[in-house]
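This report refers to the structure that appears directly beneath it.
Protein chains: 2
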Amino acid sequence: MAVKERMDYIKKQLHSQSYKLTPQREATVEVLLENEEDHLSAEDVYLLVKDKAPEIGLATVYRTLELLNELEIVDKINFGDGVSRYDLRKEGANHSHHHLVCIQCGDVSEIEEDLLGEVEVKVEREWQFKIKDHRLTFHGVCSKCQRDKDSTNEEVGRQTVDQL
Amino acid sequence: MAVKERMDYIKKQLHSQSYKLTPQREATVEVLLENEEDHLSAEDVYLLVKDKAPEIGLATVYRTLELLNELEIVDKINFGDGVSRYDLRKEGANHSHHHLVCIQCGDVSEIEEDLLGEVEVKVEREWQFKIKDHRLTFHGVCSKCQRDKDSTNEEVGRQTVDQL
DNA sequence: TATGAAAACGATAATGATTATCGTTTAGTA
DNA sequence: TACTAAACGATAATCATTATCGTTTTCATA
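If you're matching them up, the sequences are chains A and X in order.
Start counting at 1 in the first sequence, then tack on 5, and there's your number in the working numbering.
Start counting at 1 in the second sequence, then tack on 5, and there's your number in the working numbering.
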């Protein structure tokens, strides 16, 4: 299965940079591989890892996630909810991972599609900026909340800023 | 000048939502208008406002910035450096304000150009997501650091992840 | 396989940004 | 001018993250 190969790849990365492979690091990576679709916080990871390795400390989880971020194995992202979240990078070169954050229900969904190909070319050319990565997040109203709002007929009271 | 008009617009916004206009709020908005090009943290704003209104408290600055964010007068943004930063929104509807963050020197520069027109149309159509705002940040190497690196001839030792 | 140094660990204290509390003051209305 | 809700300043509390430190473990080498 692909999970084992990705684990091996990550182990190789650690080794090639002279970092040691510890049970704590292995368990942390396992948790990340098993929860790819979620955006786990350090606390989330800590609680999940404790099932595999109950003696692990929270500080070690933070240290490991920071290390994996430096190795570009995970992305440390921020949705503005007060905690950092950590996403395992997908294999493959093009890192196209965007987010839709609903400003009503708070749900976060993902788009796995390269939306920025031409945009990146333009930015690199016009600003002489060598792009290594990007973060694209849309804030708005998800389809579910749009439907819920429609059935409430009319929104009253609050005048929107767009009106001027 | 446009500054006065924008101040009046903001005052009108406050009033229309039944918020009170206090000297502290007025001074805070003045500071934001006078430092539009910077990405000020709450602490930055606090220090600048103290020149105009020495008796202001840090908590009031946080409260005011939070209020202005709710009124969509400022954007609360996060560059991952541990503090929230607050940018006054430009007048006009299309909010096109992107960032280039250099991963070597840490400098942040801005692009004031609508890069996402077609992309937003596509996202709204394909995901039934009503976009209200977006955040686009590129991480990479700025032109200055590219030049500095070129003159250092060769980078040695650290193998890049891209090699596998 | 034993050993030793550097790296990593767990526990927990420290930090630092942000938020909550609370008694006092003020803006805006009648 | 008087009243009441809103806002204020000071500061304590919170909470995510980082630093510290004494102990344990990994892994290259003997």
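Built from N, CA and C at the ideal position, the CB exists for glycine as well.
Predicted model only: the values in this text are computed from it and were never measured.
Could you tell me the distance, in whole angstroms, from the CA atom of X/Q151 to the CA atom of A/E131?
About 15 Å.
Tell me the DSSP bridge mates of A/G122?
Paired residues: none, contrary to the question.
Scan the segment 34 to 76 of chain A and note each continuous beta strand (DSSP E) run of 3 residues or more that stays entirely inside, going in chain order.
Within the segment 34 to 76 of chain A, no complete beta strand (DSSP E) run reaches 3 residues.
In the DSSP assignment, the alpha helix (DSSP H) including X/D112 goes from what residue to what residue?
Where X/D112 is concerned, there is no enclosing alpha helix (DSSP H), given that its DSSP letter is neither H nor E.
Considering only the alpha carbon of each residue, which of A/A47, A/E60, A/D56, A/K9 lies closest to A/V88?
Of the listed residues, the one whose Cα sits closest to A/V88 is A/A47.
If you follow the beta strand (DSSP E) that X/K135 is part of, which residue opens it and which one closes it?
Counting along the chain, the beta strand (DSSP E) containing X/K135 begins and ends at 135 to 146.
State the CB to CB distance for the pair X/L93 and X/C147, rounded to an integer number of angstroms; the pair is presumed to be in contact (CB under 8 Å).
The Cβ separation is near 24 Å, so there is no contact.
How many Å lie between X/E118 and A/L141 at the Cα?
If you take the alpha carbons of X/E118 and A/L141, they lie about 15 Å apart.
List the residues of chain A whose Cβ lies closer than 7 Å to the Cβ of X/S46, in chain order.
None at all; the shortest Cβ gap to chain A is about 15 Å.
Given that a residue counts as buried once 16 or more other Cβ atoms are within 10 Å of its Cβ, and exposed if not, what is A/Y14?
The residue is exposed, with fewer than 16 neighbouring Cβ atoms inside 10 Å.
Pull the bridge partners of A/I78 from the DSSP assignment, please.
DSSP, once it has assigned bridges, lists no residue as partnering A/I78.
For A/Y14, name the three-state secondary structure that DSSP assigns.
Note: A/Y14 maps to helix in three-state DSSP.
CA-CA distance, A/A98 and X/V8?
For A/A98, the pLDDT reaches just 46, beneath the cut-off of 50, and the residue's location in the model is therefore unreliable, although a value from the coordinates is still provided. Going from the Cα of A/A98 to the Cα of X/V8 covers about 46 Å.
What are the residues that DSSP puts in a beta bridge with A/V106?
DSSP output for A/V106 lists A/V113, A/H144 as bridge partner(s).
Any heavy atom of the ligand SAM closer than 7 Å to the CB of A/T65?
Summarising the ligand content, the structure contains no ligands, and the ligand SAM is consequently not present.
Under the rule that 16 or more other beta-carbon atoms within 10 Å means buried, what is A/V126, buried or exposed?
The residue in question, A/V126, is exposed, as its Cβ has fewer than 16 Cβ neighbours within 10 Å.
May I ask you to report which of helix, strand or coil DSSP gives A/R90?
In this structure, A/R90 counts as strand in the three-state DSSP scheme.
Quick one: does A/K16 have its CB under 8 Å from some CB of chain X?
Answer no: the Cβ-Cβ gap between A/K16 and chain X never drops below 8 Å.
Is the Cβ of X/R90 closer than 8 Å to any Cβ of chain A?
Taking Cβ atoms only, chain A never reaches closer than 8 Å to X/R90, which makes this a no.
To the nearest angstrom, report how far apart A/I116 and A/S23 are at their CA atoms.
Roughly 35 Å separates the two Cα atoms.
Within 10 Å of its beta-carbon, does A/L70 have 16 or more other beta-carbons around it, so buried, or fewer, so exposed?
Answer is buried; the Cβ neighbour count reaches 16.
Please report the straight-line C-alpha distance between A/R30 and X/R68, rounded to a whole angstrom.
Rounded to whole angstroms, A/R30 to X/R68 spans 41 Å at the Cα level.
Find the residues of chain X that neighbour A/V146, judging by a C-beta separation of less than 8 Å, and give them in chain order.
Within 8 Å Cβ-Cβ: F134, K135, K137.
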